[in-house]
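Chemist: Below is a structure I'd like to ask you about.
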Ligand SMILES: Cc1ncc(COP(=O)(O)O)c(C=O)c1O
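Residue numbers (our numbering): 19 to 334.
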């Protein structure tokens, strides 16, 4: 007799999201008696199959393009990326069988280059001096020259980027905190994470304070993040959504990355260390004011792709 076995296991899309929320209690222990009333929680986005938060935006962008027939049947995906979105696109392209071409500054970490090569993506390198904006200009040039060859995913302007976080990240946080979240802190790259999560959290409870974080200068080591005052501002970015913004110094982020590794056993990427440092500032303000707080932040990736950076070796 022939039996029909229903498909088991998870598809690539189903494996994205539902990441753990990890407690960063050790960081707030020094607040003394009120320590238990201030919690910092980090969403461990490295648990996504491509290793970063960008799996969410990329899967939203790709599934929308596939549904609308903009991608596939010979048409490949093209975008500019500083690394993680590229890895996510490359993974999805390999899994779903469409070509992926990425424009990116040639100074992205050697680990990222290896991941992209392993997934078989085509890379167009741009000058490190032009940063992520140089990669954006190159992608626009390529698509203008051959519009029929590419679906230009344009993560900086594509509403599917923030909508992925509106649909998934925010609702996961709400559930994982039993609705007790008081503050949300996230870094700004394309701004998709901050925009989408904030929009949904404010619907669930308008009292949640949503705080963005960005590098404090144009020249910084916070890979994946943008200094909005000097960058090509993403079309999806709306600065009025943030209740406050924290400007982050690269050295403070490096130090936090070392502290998290050496004293808490958590190895995170640089932008994750930066948002933890920003969350600690928020925690200090709230502790000072004698208020309870449940602060949730997004840890975009782990330390895995930054292990060759030299800042890990410094002593504090
Ligand atoms: C390591 C890292 N952190 C943070 C971000 C910022 O996320 P978003 O683009 O959603 O603002 C990115 C984006 O590429 C990233 O790669």
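Glycine residues also receive a C-beta, built at the ideal position from the N, C-alpha and C atoms. Values in this document were obtained by computation on a predicted structure and should not be read as measured data.
Residue 312: beta carbon under 7 Å from a heavy atom of ligand 1?
Modeler: Incorrect: residue 312 has no Cβ contact closer than 7 Å to ligand 1.
Chemist: Determine the direct distance from the alpha carbon of residue 145 to that of residue 247, and round the result to whole angstroms.
Modeler: C-alpha separation (whole angstroms): 21 Å.
Chemist: Where residue 257 and residue 74 are concerned, what is the direct C-alpha to C-alpha distance, given to the nearest angstrom?
Modeler: Approximately 22 Å between the Cα atoms of the pair.
Chemist: Can you tell me the Cα-Cα spacing of residue 261 and residue 251, whole angstroms?
Modeler: The straight-line gap from Cα to Cα measures roughly 19 Å.
Chemist: State the Cα-Cα distance for the pair residue 204 and residue 24, rounded to the nearest angstrom.
Modeler: Each residue's alpha carbon lies about 40 Å from the other.
Chemist: Can you check DSSP and say which residues form a bridge with residue 201?
Modeler: Paired residue(s): 227 and 313.
Chemist: Can you check DSSP and say which residues form a bridge with residue 169?
Modeler: Looking at the DSSP assignment, residue 169 forms a beta bridge with 95.
Chemist: If you measure from the CB of residue 319, is any heavy atom of ligand 1 nearer than 7 Å?
Modeler: Checking every heavy atom of ligand 1 against the Cβ of residue 319, one is found closer than 7 Å.
Chemist: Determine the DSSP secondary structure at residue 261, reduced to helix, strand or coil.
Modeler: Correct three-state label for residue 261: coil.
Chemist: Indicate, with yes or no, if ligand 1 has a heavy atom lying under 7 Å from the CB of residue 212.
Modeler: Answer for residue 212: yes, Cβ within range of ligand 1.
Chemist: Go to residue 216, then tell me how far its beta strand (DSSP E) extends in each direction, as first and last residue.
Modeler: Looking at the DSSP string, residue 216 is not in any beta strand (DSSP E); the run it does join, the alpha helix (DSSP H), is 210-222.
Chemist: Would you decide whether residue 183 is buried or exposed? Buried here means 16 or more other CB atoms lie within 10 Å of its CB.
Modeler: That one is buried.
Chemist: What's the C-alpha gap between residue 138 and residue 118?
Modeler: If you take the alpha carbons of residue 138 and residue 118, they lie about 8 Å apart.
Chemist: For residue 212, count neighbouring Cβ atoms within 10 angstroms of its own Cβ and tell me buried if that reaches 16, exposed if not.
Modeler: Answer is buried; the Cβ neighbour count reaches 16.
Chemist: Under 8 Å by Cβ, that's how I've got residue 134 and residue 104 pegged, so tell me the actual separation to the nearest angstrom.
Modeler: At roughly 6 Å, the Cβ-Cβ gap stays under 8 Å, so residue 134 and residue 104 are in contact.
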